[in-house]
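Quick notes on the structure that follows.
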Amino acid sequence: MSILRHVAATSLARSMQSVARPTLVRSAIKATTPYRSLATVADTATPAALKFKSGHVFTGTSFGAQNSSFGEAVFTTSLVGYPESMTDPSYRGQILVFTQPLIGNYGVPSQEKDQFGLLKYFESNKIQCQGIVVNDYATQYSHWTAVESLGEWCAREGIPAISGVDTRAIVHVLRDQGSTLAKIEIGDEVLENKQVVEFPNPNLRNLVSEASTKEVYELNPMGDIKIAVIDCGVKENILRCLVSRGAAVTVFPWNYDFNKVLDQYDGLFISNGPGDPRAAMTTVQNLATAFKNPNPKPIFGICMGNQLMGMAAGLDVYKLQFGNRGHNQPAINMKNGRCSITSQNHGYALEDSVLAPGKTLNGWEKYFVNANDGSNEGIRHTVKPFSSVQFHPEAKGGPQDTEYLFDEFLNLARAEKTKNNAKPFFETAEPLTKEVLNKPIEIVA
Ligand SMILES: NC(=O)CC[C@H](N)C(=O)O
Numbered sequence: 273m274s275i276l277r278h279v280a281a282t283s284l285a286r287s288m289q290s291v292a293r294p295t296l297v298r299s300a301i302k303a304t305t306p307y308r309s310l311a312t313v314a315d316t317a318t319p320a321a322l323k324f325k326s327g328h329v330f331t332g333t334s335f336g337a338q339n340s341s342f343g344e345a346v347f348t349t350s351l352v353g354y355p356e357s358m359t360d361p362s363y364r365g366q367i368l369v370f371t372q373p374l375i376g377n378y379g380v381p382s383q384e385k386d387q388f389g390l391l392k393y394f395e396s397n398k399i400q401c402q403g404i405v406v407n408d409y410a411t412q413y414s415h416w417t418a419v420e421s422l423g424e425w426c427a428r429e430g431i432p433a434i435s436g437v438d439t440r441a442i443v444h445v446l447r448d449q450g451s452t453l454a455k456i457e458i459g460d461e462v463l464e465n466k467q468v469v470e471f472p473n474p475n476l477r478n479l480v481s482e483a484s485t486k487e488v489y490e491l492n493p494m495g496d497i498k499i500a501v502i503d504c505g506v507k508e509n510i511l512r513c514l515v516s517r518g519a520a521v522t523v524f525p526w527n528y529d530f531n532k533v534l535d536q537y538d539g540l541f542i543s544n545g546p547g548d549p550r551a552a553m554t555t556v557q558n559l560a561t562a563f564k565n566p567n568p569k570p571i572f573g574i575c576m577g578n579q580l581m582g583m584a585a586g587l588d589v590y591k592l593q594f595g596n597r598g599h600n601q602p603a604i605n606m607k608n609g610r611c612s613i614t615s616q617n618h619g620y621a622l623e624d625s626v627l628a629p630g631k632t633l634n635g636w637e638k639y640f641v642n643a644n645d646g647s648n649e650g651i652r653h654t655v656k657p658f659s660s661v662q663f664h665p666e667a668k669g670g671p672q673d674t675e676y677l678f679d680e681f682l683n684l685a686r687a688e689k690t691k692n693n694a695k696p697f698f699e700t701a702e703p704l705t706k707e708v709l710n711k712p713i714e715i716v717a
């Protein structure tokens, strides 16, 4: 028996056990729980299966919607932040496998909004991924922001969820053969166990167009500087990072020709987004035009924004074997050698070999590099106020160590507004001296 068959058989055996034991589990919870609510503990667990195009099958039990779904199976190593990841539009079209073994223990928060009208706890107003796969679903949850369980949320939003599978085995497969097309089956379909004939590839759709706003809208209109945001599937916290620093933000659809209006703004921001960045070539062309503007406005991009700016600068993109998704990805700033731990979620990267140290392409240089795999983590222009990063400085979830990049971008925009002729921010970055290294770390309580 191959290892994977064994894994599948073991998982099935586990799911059979959980079918046989629910009453025991439920009474154990009832006897001890101090929690606000008991999450769904099914009296009869519904079987679920994750099927890969490559033929691998992983069986477990369902704890979400009772419908099947297709997507590209990817994994994230993040330990927390499932509400944020699942609502991040960049995950659109993907089946998300969590390597953190216990998921669901702090439930799901409310749709409450902040003073800017942005969702406080989610990155968009719905679950964007096609399904989730976890090793161990926490049947109890407890958190002061929680209003429902993860299973209830998935069921309400029509998103299938599967637990009781060996996610380590899944990740081994994904690591070896790369992100793969997959299907989640629930209930009778699992028992029928038919061969899946066709696995639709979400990356062949224009996911950017699906995720982007259809209408132009404004946030914080009284802000002191005006930033145009190109929405390729923007996360709420990117918008919050801009408006909470005082900017007035106008959000435009991904294919809006911002060159028509750029003179009315102090800066341009290009957002994250789902799928293959080559679906957004209209934005790339618009950027190439903006780069040639003799009166350049500061431009900053994140994740897909980095890929689109890179393509407009003359670089290519390629698909990574399995992508970088997690909250502990190290990115080294090429200017000062400092390494930041960053939040990431991407399956594509810029091919930046032409930007070897000391080399530039059309005035662009390498900005950040991933310390694990050497992949590109950012580019910047050597003269003009243009830069972008592949990681997520806005976090949500994940470390906030690189949030200062928003300050730098907005400082440039403020300088642009007052025509201060500020130096590009990387020239003002603190060098990595002994004093800097030995500076005690401030702990904010
Ligand atoms: N978070 C993002 O913007 C992701 C960008 C792109 N969809 C990728 O997977 O590489």
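In this note's numbering, the protein residues as written are 273 to 717.
Beta carbons are placed, not taken as given, at the ideal position from N, Cα and C, and that holds for glycine.
For a minimum of 4 consecutive residues, which ranges assigned as the alpha helix (DSSP H) are wholly contained in the segment 308–380?
Those alpha helix (DSSP H) runs which fall completely within the segment 308–380 and span 4+ residues are 354–359.
Between the segment 537–547 and the segment 464–472, can you find at least three pairs of beta-carbon atoms closer than 8 Å?
As far as the Cβ criterion goes, the segment 464–472 does not touch the segment 537–547, which means the pair count is below three.
Kindly examine ligand 1 and report whether one of its heavy atoms sits closer than 7 Å to the Cβ of glycine 545.
For glycine 545, the distance from the CB to the nearest heavy atom of ligand 1 is below 7 Å.
Glutamine 446 - containing alpha helix (DSSP H), residue span
Just to set this straight, residue 446 is leucine in the shown sequence, not glutamine. It spans 439–449 - the alpha helix (DSSP H) in which leucine 446 sits, taken as one unbroken run.
Can you find the residues in the same chain that come closer than 8 Å, C-beta to C-beta, to glutamine 449, ignoring five residues on each side of it along the sequence?
In its chain, beyond the 5 residues on either side, Ser326 have a beta carbon closer than 8 Å to the beta carbon of glutamine 449.
Please report how far the alpha carbon of valine 352 lies from the alpha carbon of asparagine 377, in whole angstroms.
So the two alpha carbons sit approximately 10 Å from each other.
Just verifying my parser: in three-state terms, what is the DSSP assignment at phenylalanine 394?
Phenylalanine 394 falls in the coil class under three-state DSSP.
Residues bridged to histidine 599 by DSSP?
According to DSSP, residue pairing for histidine 599 in a beta bridge does not occur.
Report all residues from its chain with a CB closer than 8 Å to the CB of valine 443; omit the five preceding and five following residues, and keep chain order.
Correct list, in chain order: Phe347, Val369 and Thr371.
On the CB-based measure, 16 or more other CB atoms within 10 Å of its CB, does lysine 569 come out buried or exposed?
Taking all protein chains in view, the Cβ of lysine 569 is crowded by 16 or more other Cβ atoms within 10 Å, so the residue is classified as buried.
Helix or strand or just coil, what does DSSP make of valine 469?
In the structure shown, valine 469 sits in coil (DSSP, three-state: anything other than H, G, I, E or B).
Between the Cα of asparagine 617 and the Cα atoms of Met583, Asn397 and Gly577, which residue gives the shortest distance?
The shortest C-alpha separation from asparagine 617 is found at Gly577.
Quick check: the Cα distance between phenylalanine 524 and arginine 512, rounded to an integer number of angstroms?
Rounded to whole angstroms, phenylalanine 524 to arginine 512 spans 16 Å at the Cα level.
Cα separation between threonine 522 and valine 488?
If you draw a straight line from the Cα of threonine 522 to the Cα of valine 488, it comes to about 7 Å.
Curious, which full-length beta strand (DSSP E) runs of at least 3 residues does the segment 654–697 contain?
Fully enclosed beta strand (DSSP E) runs of no fewer than 3 residues occupy 658–661 of the segment 654–697, in order along the chain.
At which residues does the alpha helix (DSSP H) containing alanine 621 begin and terminate?
Looking at the DSSP string, alanine 621 is not in any alpha helix (DSSP H); the run it does join, the beta strand (DSSP E), is 611–623.
For the alpha helix (DSSP H) containing threonine 555, name the first residue and the last one.
Note, threonine 555: alpha helix (DSSP H), 553–563.
Mapping DSSP to helix, strand and coil, what is asparagine 509?
Helix at asparagine 509.
Out of Val589, Gly646 and Ala685, point me to the one whose CA is closest to methionine 518's CA.
Note on residue identity: the sequence assigns glycine, not methionine, to residue 518. Shortest Cα-Cα distance from glycine 518 to any of Val589, Gly646 and Ala685 involves Ala685.
How big is the Cα-Cα spacing for leucine 514 and threonine 439?
Taking the straight line from one Cα to the other gives about 37 Å.
Grab the span of the beta strand (DSSP E) containing glycine 389 for me, first residue to last.
Judged by DSSP secondary structure, glycine 389 falls outside any beta strand (DSSP E); it is assigned neither H nor E.
Would DSSP call valine 297 helix, strand or coil?
With a pLDDT of 31 at valine 297, under the threshold of 50, the predicted position of this residue should be treated as unreliable, though the coordinate-derived value follows. Secondary structure of valine 297 (DSSP, three-state): helix.
Rounded separation between alanine 562 and asparagine 527 - CA only
If you take the alpha carbons of alanine 562 and asparagine 527, they lie about 14 Å apart.
Same chain only: Cβ atoms within 6 Å of glycine 582, ignoring 5 sequence neighbours per side:
The beta carbon of glycine 582 is closer than 6 Å to those of Leu622 and Ile651 in its chain, skipping five residues each way along the sequence.
At which residues does the alpha helix (DSSP H) containing aspartate 535 begin and terminate?
Note, aspartate 535: premise wrong, no alpha helix (DSSP H); not H, not E.
Classify proline 493 as helix, strand or coil using the three-state DSSP reduction.
Assignment of proline 493 by DSSP, reduced to helix, strand and coil, places it in the coil class.
In the structure shown, what three-state DSSP assignment does leucine 592 receive?
Residue state, collapsed to three classes: strand.
For alanine 520, the nearest candidate out of Asp496, Glu508, Gln402 and Asn558 (CA to CA):
Each of Asp496, Glu508, Gln402 and Asn558 was checked against the Cα of alanine 520, and the nearest Cα belongs to Asp496.
For ligand 1, any of its heavy atoms closer than 7 Å to the Cβ of methionine 606?
Checking every heavy atom of ligand 1 against the Cβ of methionine 606, none is found closer than 7 Å.
At the level of alpha carbons, what is the spacing between glutamate 384 and threonine 690?
Note on geometry: alpha-carbon atoms of glutamate 384 and threonine 690 lie some 37 Å from one another.
Residues bridged to valine 523 [DSSP beta-bridge criterion]:
Valine 523 is bridged to Tyr489 and Val501.
Could you check what DSSP says for serine 382 in three-state terms: helix, strand or coil?
Of the three classes helix, strand and coil, the one that applies to serine 382 here is coil, per DSSP.
My guess is that alanine 551 and valine 480 are in contact by the Cβ rule of under 8 Å, so how many angstroms apart are they, rounded?
Sure, about 5 Å apart at Cβ, within 8 Å.
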